[in-house]
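Have a look at the structure below, then the notes.
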RNA sequence: GGGCCGGUGGUCUAGCGGUUAGGACGCCGCGCUUACAACGCGGAGAUCGACGGUUCGAAUCCGUCCCGGCCCA
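Numbering (our numbering), first residue to last: 84 to 969.
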């Protein structure tokens, strides 16, 4: 007999690379141009070219691949389109950092040179990122790879800008924006991280302008901005400051006289209830100044890189960096006797996500999108369930944000990004937005036009991804066939940046939701529970993980045992578990191979009948149950449950129980017919199991499937198992449980009474009823073999009970090891009796409660009564066997 | 300040009104066996964060509080 063989050790590196090449060469994952029937479409969140992929990306990709391969095996036209994001500001920051190490300041370079450096960066990182995706074995369609800066993306971005501009949803305006003085650009609200930080709160006295003694105490953490003050504001209903209203105070260090005004925006609880109004450098102050048009229009006092500037700043302070200025001004205020007191407080400080510089609120002219007007269809779709969010607990967070949308600042003062397609006439200053550069001014005919110098926020392109990547603005065949997409899988961290905006864009430009489901994965932590971060160095490179443990082990470890949708630990321990699982699978197939020689028929449902062996009937039924659960779990985006069901079945049902029971039949000791049936059953179950596991661990399953008799070219394109066609056999499941109970009980008795492993003690069993008797009679040999017993005697009646103290009572029977008493066996019986007695008392007490009988549903009462009867019976038998009265 | 999530054996978690509270890792004992020591068999270990309430019945529902994490302002 020539059996196909497998190496005794499973070497993922060789196997994985081989199958990855095969799948790619065979174009297994290229979606058809003209798909028929149901479709399944996954957008790949294009990773930032900024860096390399993290395990967090691998988690998302594993989930996506599990979905993609599952749907593909179910026969759906499946498209997973990959891409890359140019990540404007983020990438420029990285390039800037790299140049800095070479002693070059990015700001000193002409734009073309900056772009050349960015392009070089992109080439290096793109290669690495693609290598990482390939190493994971993810079934993306490389023929549809896109980049958010390619020609199509440029056209799409410009078209969207112009369209929104023409609809009046994009405007340019002077607003207080979040200014990053280190990167010298505006950033959006979402790019600001708030954190509690300590600060000195100065109580500064603003003297009365009329020379009266005293003055108004104003509390501030930003004394350096006094030079931009145009007023001091108090709450109109604040009795402390009623008399100050309408008077003038002098701004310290400048001698300028400003009015005390009333405004309801002032927080009476903060400081002394008086607020210095610096309109160009604080959003609230800006609002207040808008309500008081009589106030002076101040010039900017802070430059774009955070230095004091302008006529209102006295010369000694001009040119100081804002941090130095804070110290210098504080000292000057103290020296001048203006500081009443200082408090150390903790307050919320905003920092730029990219540069970590403290955000400077700054009046600035920027481009904005009125996103509020794009929101209603999105909110309606999520409310109506047209778009479903998983897990659903994120609905609330989503709605809260959608309902409080602020205008989105989309202009950035950096080099790397899509240029804003707005042109200004040099002659008449006419402003126009156009998809391609206009040749002349449509208004005055002048030919000299200048383009807006700013570029767009990266997300202004990314939010178009689901249709951009399918060819829009061209009405491509892909767009017609594959839009809208099916599921967006991503991390919650970009729920607002990206997910919500994609929905808005989908409705605004395609008139439809971009996807029907959103699935948020959790965030990975290390095994100490810390967030994975570059900074901590606890975030391994996925390529290293793949090299050391294999892609399949990485993938399975990401799915199981920790819930995919919760933040959870990931590390060596989790990877070990996954590797062990795959090794188990590997060895299971190795075990099976000699029974399935070359030329065996490919897997098919074994022709089982009620006369077939119990284990065959049982294992097929258990498989059916498992497959059903896998389908239900995957449909509900419960990946961990699906993985868990397969883990449980493979390890504990198939390997620990079925194979052990079936070894006899497989090897032919029960005759030719039994052997044939067992082999067919084993092959069928393994084949179905490999199919069901394939979406999660594609390489090892593909390898093993090919080692077994099979039909078809590749498992990746084989049919998904149909749970409904797997023979279910509830009777066999119950019966097997009785047999296993006997095996387990005898094994227990052996261990409790320290029977040496090599010894085969004689034993006896008194079954509870006729059914158990028949079953145990039929399966006597199996029980003996797996419990490693000598003779096993089936007792005819209670009178035949042996006096052995090594005994145990279960719901199915009384079990005896026929060997001399030991201290341990006596203690074990005693412990069991105590446990059952306590349980019985508790259950009786519940039954004795009149309220229970009156209010509980009848079936629960009946159940409880049955439980009491069972416990009483078991205790009586336990007492009997020990030779005591009940 | 507002909101969300979580608190179950040493660790990670399942269960989310009636269960003898399940599993994995770790730990302890024994290692016979036609795949697998990255393994097998068995075991110990949890008053389910605290206190109240609802209920015949609460890990599970409600309230308050404490602890950890995250998001928004």
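Idealized CB from N, CA, C, for every residue including glycine.
**Message:** Which residue marks the beginning of the alpha helix (DSSP H) containing residue 187, and which one marks its end?
**Reply:** Residue 187 -> no alpha helix (DSSP H), and no H or E assigned at all.
**Request:** Measure the alpha-carbon distance for residue 87 versus residue 439 and round it to whole angstroms.
**Result:** Below a pLDDT of 50, predicted positions are generally treated as unreliable, and residue 87, at 49, falls in that range; the measurement from the model is reported next regardless. Distance between the alpha carbons of residue 87 and residue 439: 60 Å.
**Prompt:** What span of residues does the beta strand (DSSP E) with residue 878 cover, start to end?
**Reply:** From DSSP, residue 878 is part of no beta strand (DSSP E); its letter is neither H nor E.
**Request:** Give the DSSP bridge partners of residue 331, in chain order.
**Result:** BP columns for residue 331 point to 342.
**Item:** Alpha-carbon to alpha-carbon, residue 176 and residue 562
**Value:** C-alpha separation (whole angstroms): 34 Å.
**Message:** Tell me the rounded alpha-carbon separation between residue 842 and residue 871.
**Reply:** The straight-line gap from Cα to Cα measures roughly 8 Å.
**Prompt:** Going by beta carbon distance, what residues of the same chain come within less than 6 Å of residue 678, once the five residues before and after it are set aside?
**Reply:** If you ignore the 5 residues before and after residue 678, its C-beta comes within less than 6 Å of the C-beta of 749 and 762, all in its own chain and listed in chain order.
**Prompt:** So which of 939, 943 and 890 has the shortest CA-CA distance to residue 962?
**Reply:** When each option's Cα is compared against that of residue 962, the closest is 890.
**Item:** Beta-carbon proximity list for residue 702, same chain, < 7 Å, skipping 5 on both sides
**Value:** Closer than 7 Å at the Cβ level, and outside the excluded window around residue 702, lie 736, 737, 741, 764 and 768.
**Message:** Between the alpha carbons of residue 397 and residue 337, how many angstroms are there, rounded?
**Reply:** Going by the C-alpha atoms only, they are around 7 Å apart.
**Prompt:** Roughly how many angstroms lie between the CA atoms of residue 876 and residue 826, to the nearest whole one?
**Reply:** Approximately 14 Å between the Cα atoms of the pair.
**Residues near residue 462 by beta carbon distance below 6 Å, same chain, minus five either side** = Only 485 meet the Cβ criterion.
**Prompt:** Exposed or buried, which one is residue 967 when buried takes at least 16 other CB atoms within 10 Å?
**Reply:** In this prediction, residue 967 scores a pLDDT of 42, lower than 50, which makes its location untrustworthy; the coordinate-derived value is nonetheless stated afterwards. Result: exposed.
**Message:** Looking at the secondary structure, which residues open and close the beta strand (DSSP E) in which residue 219 lies?
**Reply:** Counting along the chain, no beta strand (DSSP E) covers residue 219, and no H or E run does either.
**Request:** Could you tell me how far apart the beta carbons of residue 898 and residue 832 are, in whole angstroms, since I believe they sit closer than 8 Å?
**Result:** For residue 898 against residue 832, the beta-carbon gap comes to about 6 Å, under 8 Å, which counts as contact.
**Message:** Is it the case that the region 299-314 contacts the region 392-407, given that we only count it when at least three CB pairs across the two stretches are under 8 Å?
**Reply:** The answer is yes - the region 299-314 touches the region 392-407, with three or more Cβ pairs under 8 Å.
**Request:** For residue 241, collect the residues of the same chain with a Cβ closer than 7 Å to its Cβ; drop the 5 residues on either side in sequence, then sort them by chain order.
**Result:** Cβ within range, chain order: 504 and 518.
**Item:** 8 Å Cβ cutoff met for residue 652 and residue 614
**Value:** With respect to residue 614, residue 652 sits apart: the two C-beta atoms are not nearer than 8 Å.
**Three-state secondary structure (DSSP) of residue 510** = In the structure shown, the three-state DSSP call for residue 510 is coil.
**Message:** When you compare the region 352-363 with the region 371-384, are there three or more beta-carbon pairs, one atom per stretch, that lie closer than 8 Å?
**Reply:** Flag = yes, the region 352-363 and the region 371-384 touch.
**Spatially closest choice to residue 855 from 646, 582, 333 and 895, by CA coordinates** = Ranking 646, 582, 333 and 895 by CA distance to the CA of residue 855 puts 895 first.
**Message:** Looking only at its chain, what residues have a beta carbon closer than 7 Å to the beta carbon of residue 568, apart from the 5 residues adjacent to it on each side?
**Reply:** Sequence-distant Cβ neighbours of residue 568 in its own chain, meaning closer than 7 Å and more than five residues away, are 124, 125, 126, 549, 597 and 598.
**Item:** Span separating the alpha-carbon of residue 576 from that of residue 753
**Value:** Between residue 576 and residue 753, the C-alpha separation is close to 60 Å.
**Item:** Validate contact between the region 628-644 and the region 777-788 using beta carbons, cut 8 Å, 3 pairs
**Value:** They touch, by the three-pair rule.
**Asked** Less than 7 Å between the CB of residue 614 and some heavy atom of the ligand FMN, yes or no?
**Response** The ligand content of the structure shown is nil, which means the ligand FMN is not present either.
**Request:** Assign residue 85 to one of two classes, buried (16 or more other C-beta atoms within 10 Å of its C-beta) or exposed (fewer than that).
**Result:** At residue 85 the pLDDT is 36, less than 50, meaning the model places this residue with poor confidence; the figure from the coordinates comes in the next sentence. Burial call: exposed.
**Request:** Let me know if residue 261 comes out buried or exposed under the rule of 16 or more other beta-carbons within 10 Å of its beta-carbon.
**Result:** Label assigned to residue 261: buried.
**Prompt:** Measuring CB to CB, does residue 643 end up less than 8 Å from residue 727?
**Reply:** Contact flag set, yes.
**Request:** Find out if the Cβ-Cβ distance for the pair residue 787, residue 773 is shorter than 8 Å.
**Result:** Yes.
**Message:** Quick check: what's the CA-CA separation for residue 801 versus residue 114?
**Reply:** For residue 801 and residue 114, the gap between their C-alpha atoms comes out near 16 Å.
**Prompt:** Apart from the five residues on each side of it in sequence, which residues of its chain come closer than 7 Å, Cβ to Cβ, to residue 393?
**Reply:** Excluding sequence neighbours, residue 393 sits near 382, 383 and 384.
**Prompt:** Can you tell which of 603, 298 and 333 has its C-alpha closest to the C-alpha of residue 719?
**Reply:** Per the C-alpha coordinates, the member of 603, 298 and 333 positioned closest to residue 719 is 603.
**Request:** Assuming residue 555 and residue 581 form a contact by the criterion Cβ under 8 Å, report the distance between their Cβ atoms to the nearest whole angstrom.
**Result:** With a beta-carbon spacing of about 17 Å, residue 555 and residue 581 fall beyond the 8 Å limit used to define contacts.
**Every unbroken beta strand (DSSP E) within the region 519-571, with a cutoff of 3 residues, ordered by chain** = Under the rule that a run must span 3 or more residues, the beta strand (DSSP E) segments found entirely inside the region 519-571 read 532-534.
**Message:** Between residue 489 and residue 283, how many whole angstroms is the CB-CB distance? I'm expecting something under 8 Å.
**Reply:** Actually they do not touch by this definition, with Cβ atoms about 30 Å apart.
**Message:** Helix, strand or coil for residue 466? Go by DSSP, reduced to three states.
**Reply:** Note: residue 466 maps to helix in three-state DSSP.
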